[in-house]
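Enquirer: The structure's right below; bear with me while I get my questions together.
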Amino acid sequence: MYCTQSDLEALCGESELIQLTNPDDPGTTIDAGQVEWAIDAAEARINRYIGPFLPLTNVPADFKKIGCDFARYFLYRNSPTEHVRKQYEDGIAYLEKVAAGKIPIGPDNAGNTAEPDDAGVAIISQPSVFSDIDY
């Protein structure tokens, strides 16, 4: 898990979470089930990009921020604000760079930097049956 409900509350405030998770009964309480759904969706989205690096021994602080930004974006459903959408897009751009190896995932407690697992996808094809050679 990259972020918690407390992290999300610290990012956007309790009143915004109430409004996003409980729109039919505003001003009451945060719907923890909706927050959990958004956090799970954020985790799945992050893992899609960093799958080869999993499991992480330490979660970089950047991932906590990205997890919160993604969860907030998902809670907005179809109408995120410009700021929320930009934060989401910035997070995607960052994760694409991590996946491409342009940004390393930080070191663990022993100082080792995470490397992608060698169990990646390999594409193997058969030799071509047809060619441009005239016989």
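The opening residue of the sequence shown carries number 39 in the numbering used here; numbering runs sequentially from there. Ideal placement from N, C-alpha and C gives every residue a C-beta, glycine not left out.
1. What would DSSP say about V73, mapped onto helix, strand or coil?
2. Can you tell me which of T95, A99, P93 and Q72 puts its alpha carbon nearest to the alpha carbon of R110?
3. For G139 and Q57, what's the separation of their Cα atoms in angstroms?
4. Taking all protein chains shown into account, decide if D107 is buried (16 or more other Cβ within 10 angstroms of its Cβ) or exposed.
5. When the Cβ atoms of the region 95-103 are set against those of the region 115-124, are three or more pairs found closer than 8 Å?
6. Would you identify the three-state DSSP class for R83, choosing helix, strand or coil?
7. Rounded to a whole number of angstroms, what is the C-alpha to C-alpha distance between E81 and I68?
8. At which residues does the alpha helix (DSSP H) containing F112 begin and terminate?
9. On a Cα-Cα basis, can you pick out the residue from V136, E47, N116 and G105 that is closest to Q125?
10. Sorted by chain position, which residues of the same chain lie with C-beta nearer than 8 Å to D128's C-beta, five sequence neighbours on each side aside?
11. Measure the alpha-carbon distance for D62 versus E54 and round it to whole angstroms.
Expert: Short version:
1. The sequence position of residue 73 within the sequence shown is 35, counting from 1. If DSSP states are grouped into helix, strand and coil, V73 belongs with the helices.
2. Counting from one through the sequence shown, the residue named residue 110 turns up at place 72. With distances taken between Cα atoms, R110 lies closest to Q72.
3. Here residue 139 refers to the residue found at position 101 when the sequence shown is read from its first residue. Here residue 57 refers to the residue found at position 19 when the sequence shown is read from its first residue. If you take the alpha carbons of G139 and Q57, they lie about 38 Å apart.
4. In the sequence shown, residue 107 corresponds to position 69, counting from 1. Flag for D107 reads buried.
5. no
6. In the sequence shown, counting from the first residue as 1, residue 83 sits at position 45. Of the three classes helix, strand and coil, the one that applies to R83 here is helix, per DSSP.
7. On the sequence shown, position 43 is the one that residue 81 refers to. On the sequence shown, position 30 is the one that residue 68 refers to. Taking the straight line from one Cα to the other gives about 20 Å.
8. On the sequence shown, residue 112 is found 74 positions in, with the first residue counted as 1. From DSSP, the alpha helix (DSSP H) with F112 extends over A99 to L113.
9. For the purposes of this step, residue 125 is taken as the residue at position 87 of the sequence shown. When only C-alpha atoms are compared, the closest one is G105.
10. Position 90 of the sequence shown, counted from the first residue, corresponds to residue 128. Result list for D128: D107, in chain order.
11. On the sequence shown, position 24 is the one that residue 62 refers to. On the sequence shown, position 16 is the one that residue 54 refers to. Roughly 14 Å between the two C-alpha positions.
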